[in-house]
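K.L.:
Sending over a structure as structure tokens; questions will come in a sec.
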Amino acid sequence: MAEMTTSDSGSHKKGGKKVRSKKMSTRVDLTAMVDLGFLLITFFMLATTMNKPKTMEVNKPAKEDKEEVKEPPIKMSKTATLMLGARNKVYVYVSPDEIDATTEITLDSLDYSPTGLRKFIQRRQKEVQQQWGDKDQLFVMIKPLPASNVKNIVDVLDEMTINDVKRYAILEPNDPIDSLIALRTGQSRK
Amino acid sequence: MPKVKIPRKSTSVDMTAMCDVAFLLLTFFILTTKFRPSEAVTIDIPASTAQIPIPDKDIMMFQIAPDGRMFFGLDDQNTRLKLLDRLSTQYQLAFSEDQKKAFRLLETWGMDIRSLPEFLDMEPEKRAGFNQPGLNIDTTGGQHQVEDLILFSRQENNNLRIAIKGDKTTEYRHFDKLIQALQNRKVNKFNLITSAKTAQE
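Right, here's the structure in full:
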């Protein structure tokens, strides 16, 4: 391809001239080899960069030893609780500081889309901002129920990053309210 | 006017240098490519916006299949051997040289530790087709196999990071068992492996 025939090759067609054996050139046409080389390069280049997975760091609160002093409880009005349930549903509630028999907690069931969970977190951030003057005071408790799946957890952690929630933790559903909710939504807690 | 003779130039280009470069690059890419290791089970990882690339070495990888089976893998072959030594003393199993060699090349595996020798004795082809039952995470018999794996591996290589590769659809209860095991061994930090995606508005 890189070489063009410059001599007239059609000469011996015309008459009964003697066919002289041509002196063979020692040059080898490398075009095909280069083609192949670049083809393979392209393949390996694509193969290397494509499958580099990312990781997401997860820090779990340390399991507390029994002798350890418990941390002072956080004000419930700074928190939001997300319970991850089955069938890609997330149940959210905000519990007031003091709970008595007359307390009513509204429970929302949302999905993981930007219009669902993200809206809720942003709304809650605004509320905390108004009440405490700093939206980073918001503490999100993530409580996965056994029937939720890994994708749900990744999605929720993702929302934390996207909305820049500084404080969050993955916890076990251990609150009495959690049990109630698990019961109401027909999911086992443990 | 005198005729100017234009010498006829050959159109052939010397390809040698180009060929050299091409193959040099090719060699480079071949050597740097890390092929995906053979997996005991196909795992479809979830996508996230996380940007941290997975470290290249010192990885302890747990894989959790959708059905809850769990698999274990270390990236470094020497650490694998050391781990096997520790396991053989802990579980009173004797491993032959052939079995050790087979274990050294084992990317991921998931079964009761006590059935390892039998598995390592299989022909490589048969081993690839063998349906592994998953790690024994059940601690009711007083055994803590997964915790032992975590402890021994970390003792042999201090810099090990823990990566968890869970399928999208793996239920949290399977995932939770592993986290409990990790936390019992004072590991509170681990990495979830995800594929990249961009946040949608």
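One line per chain: the protein sequences are A and B, in this order. Note that the working numbering has the first sequence beginning at 279, numbered continuously upward. Note that the working numbering has the second sequence beginning at 8, numbered continuously upward. C-beta: ideal position from N, C-alpha, C; glycine also.
If you scan the segment 428–467 of chain A from start to end, which runs of the beta strand (DSSP E) of 3 or more residues do you find wholly inside it?
P.N.:
445–448
K.L.:
At what residues does the alpha helix (DSSP H) containing T86 (chain B) begin and finish?
P.N.:
84–97
K.L.:
So that I know if they touch, is there some Cβ in chain B lying closer than 8 Å to that of N441 (chain A)?
P.N.:
no
K.L.:
Note down, in chain order, each residue of its chain lying with its Cβ closer than 6 Å to the Cβ of L449 (chain A), except the 5 sequence neighbours on either side.
P.N.:
M419, K421
K.L.:
Along chain B, which residues have their Cβ under 8 Å away from the Cβ of S426 (chain A)?
P.N.:
Going along chain B in sequence order, the residues near S426 (chain A) (Cβ under 8 Å) are E178, Y179.
K.L.:
Whose C-beta lies closer than 8 Å to the C-beta of L360 (chain A) among residues of the same chain, with five residues either side of it excluded?
P.N.:
V368, Y369, V370, L395, V418, M419, I420, K421, V434
K.L.:
Would you kindly report the start and end of the unbroken alpha helix (DSSP H) that includes G75 (chain B)?
P.N.:
Here G75 (chain B) belongs to no alpha helix (DSSP H), and DSSP marks it neither H nor E.
K.L.:
Does the Cβ-Cβ distance between S355 (chain A) and Q409 (chain A) come in under 8 Å?
P.N.:
For S355 (chain A) and Q409 (chain A), yes; Cβs fall inside 8 Å.
K.L.:
Where T49 (chain B) and L113 (chain B) are concerned, what is the direct C-alpha to C-alpha distance, given to the nearest angstrom?
P.N.:
16 Å
K.L.:
Quick check: what's the CA-CA separation for N195 (chain B) versus K338 (chain A)?
P.N.:
5 Å
K.L.:
Give the range of the beta strand (DSSP E) segment to which R168 (chain B) is assigned.
P.N.:
168–173
K.L.:
Strictly below 9 Å CB to CB, what residues from chain A border G173 (chain B)?
P.N.:
N427, V428, K429, I431, V432
K.L.:
So, for A203 (chain B): in the same chain, excluding its five sequence neighbours on each side, which residues have a beta-carbon less than 6 Å away from its beta-carbon?
P.N.:
none
K.L.:
Look up A364 (chain A) in the DSSP assignment and say whether it is helix, strand or coil.
P.N.:
coil
K.L.:
Quick one: which chain A residues come within Cβ less than 8 Å of P14 (chain B)?
P.N.:
Here the premise fails: no neighbours, minimum Cβ distance about 12 Å.
K.L.:
By DSSP, does K108 (chain B) sit in helix, in strand, or in coil?
P.N.:
helix
K.L.:
Restricting to Cα atoms, I'd like to know which of A:Q400, A:D307, A:M334 is closest to F197 (chain B).
P.N.:
A:M334
K.L.:
Throw me the rounded Cβ distance for the F36 (chain B) and M323 (chain A) pair, which I believe falls under 8 Å.
P.N.:
6 Å
K.L.:
Classify N85 (chain B) as buried or exposed, calling it buried when 16 or more other Cβ atoms lie within 10 Å of its own Cβ.
P.N.:
exposed
K.L.:
According to the Cβ coordinates, are P60 (chain B) and K444 (chain A) closer than 8 Å?
P.N.:
no
K.L.:
Just verifying my parser: in three-state terms, what is the DSSP assignment at E130 (chain B)?
P.N.:
coil
K.L.:
Taking all protein chains shown into account, do 16 or more other C-beta atoms lie within 10 angstroms of the C-beta of A188 (chain B), making it buried, or fewer, making it exposed?
P.N.:
buried
K.L.:
Taking the CB atoms as reference points, tell me whether H151 (chain B) and G75 (chain B) lie closer together than 8 Å.
P.N.:
Against a cut-off of 8 Å, the Cβ pair of G75 (chain B) and H151 (chain B) comes out as no contact.
K.L.:
Name the two residues that bound the continuous beta strand (DSSP E) containing T333 (chain A).
P.N.:
332–337
K.L.:
Let me confirm a value: D174 (chain B) is counted as buried when at least 16 other C-beta atoms fall within 10 Å, else exposed. Which label applies?
P.N.:
buried
K.L.:
Using the Cβ count rule (16 or more neighbours within 10 Å means buried), how would you classify K172 (chain B)?
P.N.:
buried
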